Every structure is written in structure tokens, then in C-alpha cells.
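Visitor: Dumping the structure here so I can ask a few things about it.
In my numbering, the protein residues as written are 1 to 108.
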């Protein structure tokens, strides 16, 4: 059993390395996939996997880390694809430049 856990741990580390370098995944996604792989093949049940993941990640960064990480990934994708500029142009076109500048200057 010990050699089996060692092998799946090495494979999980390989998933992290390949995920970031070869497949160009975000580090959070790569680590999450490797964690899920390791937990499943180590024989943990689903309820234990979710509580362990939340305890491990949540204990360090709080319960919002998943939302923050996925929001960061979505923001980067919108920036890279140009979607952020399209959204900005939509609001400027439909409400006017001065209104948009005023809304940015004086938030609620």
C-alpha cells in the first residue's frame, strides 16, 4: 500500500508540473486537479474529499479562495480575449462617456 501511495503522489506531482508548463493551466486549476486525483486514487470518499479540500485551502486563505481564484482566472481570460474592452465600449456607447466617468469616480 505504501508504494501505491508513493506512485500516485509522484503522478499527482507530474500532473501539477505538466498542467502548468505543458498544458498551460492556471496553477490553481492544476493543483486542484492533482489534489482531486490524489484523493480519489488514495481511496477517500467524496464527503471527506470536499471537507479536506475546504479545510486545507480554507484554513490558509479563507473560504473565498475558490471564488477569488476563479474570478482572477475569468478576469485574465477577459483581458486577454478583449472581452473587457468590449464591455467597456458597450457601457460608454449606451450611457455616454461622462456618465461612465462619473460612475467610476463616485461609487455607491
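Beta carbons are placed, not taken as given, at the ideal position from N, Cα and C, and that holds for glycine. Keep in mind the model is a prediction, meaning the values are calculated, not measured.
How many angstroms separate the CA atom of residue 87 from the CA atom of residue 102?
Guide: For residue 87 and residue 102, the distance between alpha carbons rounds to 17 Å.
Visitor: Just to check my reading of the structure: residue 39 and residue 49 have Cβ atoms closer than 8 Å, yes? What is that Cβ distance to the nearest angstrom?
Guide: Indeed, because the Cβ distance is near 5 Å, the residues count as touching under 8 Å.
Visitor: May I have a chain-ordered list of the alpha helix (DSSP H) segments no shorter than 4 residues that lie completely inside the region 15-83?
Guide: 27-41, 46-61 and 65-81, all fully within the region 15-83.
Visitor: Applying the criterion that 16 or more other CB atoms from any shown protein chain within 10 Å of the CB defines a buried residue, is residue 30 buried or exposed?
Guide: Residue 30 comes out buried.
Visitor: Using only alpha-carbon positions, find the residue among 65, 12 and 98 that is nearest to residue 42.
Guide: Answer by Cα proximity: 12.
Visitor: Take every Cβ of the region 63-83, pair it with every Cβ of the region 20-30, and state whether three or more of those distances are shorter than 8 Å.
Guide: Touching, per the Cβ criterion.
Visitor: Which whole-angstrom value is the C-beta distance of residue 65 and residue 58, which I expect to be below 8 Å?
Guide: Contact flag correct, Cβ pair sits at about 7 Å.
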